[in-house]
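Everything on this sheet refers to the single structure shown next.
Residue numbers (our numbering): 72 to 446.
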């Protein structure tokens with residue numbers, strides 16, 4: 072795991088005294104710590120995406136190239152989390168409506184820099200108990216962390232919440248889904264469903280572990296709806312009242328608004344953010360609003376108490392096209408868009424679609440700052 076420590080910049084105060092200025096340096100508090108978290112939306116293994124990952128020269132799948140334009144940004148986060156919305160359930164591989172992708176799909180996310188794959192989603196049980204357990208085994212084999220789905224009650228107690236500790240900051244992560252498309256987990260396996268009684272109990276239990284922050288990842292909402300529905304808003308308010316510190320949402324496959332609440336209205340640097348939907352991070356969906364998603368950046372600061380001090384986003388358009396004679400998918404942020412157009416010979420029509428996605432996103436999130444450039 073990456074380890075990065077930060078110090079607040081020294082503050083320079085100038086005091087005027089009889090036309091003379093005396094510079095006083097005030098050091099930051101000794102226990103100051105900072106943490107940057109990055110979240111990404113739905114990673115989906117539609118069959119065109121899976122087929123594009125096959126590489127004849129290595130006789131295997133390789134999905135890392137999908138992320139080559141964003142991997143530096145992801146890797147530099149202290150903790151990076153993606154929504155794995157596909158079982159890694161083994162052969163035969165399949166796409167919608169009942170998914171199964173190769174383990175290498177998960178490896179691509181690991182190689183891109185992700186540390187955690189949240190796994191409570193409506194496709195978690197597409198391949199039944201066997202596929203459910205195969206997915207957990209695959210994530211373990213990749214030395215990635217996960218929560219939201221569990222082998223049994225012992226596993227549930229270990230990873231619900233999932234504790235993430237970095238830079239002297241301790242995060243408790245919980246994950247829930249609204250549904251599993253009508254399937255129910257077979258005992259002893261457990262899948263976290265969106266139940267207010269269970270959520271309240273989990274948040275209360277998380278508090279007993281003394282985390283600095285509690286973050287709840289929700290798989291919820293109506294597919295392709297660009298605004299949250301009444302249920303999302305009601306559940307978000309419930310989670311906030313239970314004592315969580317942030318909500319990160321997925322599932323609708325389009326971007327929904329981000330809202331910021333301020334527990335202390337006199338200090339706008341300390342917030343409770345609700346991200347209703349991050350949209351698609353990697354998928355084959357090509358319609359307007361569905362051909363991309365968000366990377367969400369949370370910056371966290373700990374000085375005696377811990378606060379989320381800022382939230383921002385990177386729009387991430389998914390390019391699909393032919394490159395060197397084969398189909399490819401590439402996640403493209405705005406600052407890499409000119410490079411991508413040149414490198415992959417992106418057509419004028421596709422360039423217009425990419426620009427449209429970026430503009431749509433900025434209009435939709437007009438109250439939230441955008442990360443201007445990623446390396």
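For every residue, glycine included, the Cβ atom is placed at its ideal position computed from N, Cα and C.
Extent of the continuous alpha helix (DSSP H) run through residue 274: 267-278
Short Cβ contact (8 Å threshold) for residue 140 with residue 404: yes
Whole-angstrom distance between residue 213 and residue 190, CA atom to CA atom: 15 Å
Cβ neighbours of residue 447 in the same chain (closer than 6 Å, five flanking residues each side left out): It is not possible to answer for residue 447, since the shown part of the chain is limited to 72 through 446.
Residue 349 beta carbon less than 8 Å from that of residue 331: no
Coil, strand or helix - residue 215 by DSSP: coil
Residue 423: first and last residue of the uninterrupted alpha helix (DSSP H) it sits in: 419-435
Inter-residue spacing [alpha-carbon to alpha-carbon] between residue 105 and residue 420: 42 Å
Proximal residues to residue 224 (C-beta, below 8 Å), its chain only, five neighbours per side dropped: 259, 261
Residue 313 versus residue 352: straight-line alpha-carbon distance, rounded: 29 Å
8 Å contact criterion, which residue 217 and residue 207 should meet: CB distance rounded: 7 Å
Cβ neighbour criterion (16 or more within 10 Å) applied to residue 435: buried
Runs of beta strand (DSSP E) wholly within the region 227-267 (minimum 3 residues, chain order): 233-237, 240-248
Extent of the continuous beta strand (DSSP E) to which residue 383 belongs: 376-394
Spatial distance of residue 425 from residue 322 (CA atoms): 21 Å
Coarse secondary structure for residue 205, derived from DSSP in three states: helix
Identity of the residue in 138, 347, 310 nearest residue 178 by Cα: 138
C-alpha distance - residue 384 paired with residue 107, whole-angstrom precision: 12 Å
Status (buried if at least 16 other CB within 10 Å, exposed otherwise) for residue 413: exposed
Three-state secondary structure (DSSP) of residue 412: helix
Under 8 Å between C-beta atoms of residue 124 and residue 156: no
Helix, strand or coil at residue 222 according to DSSP, with G and I counted as helix: coil
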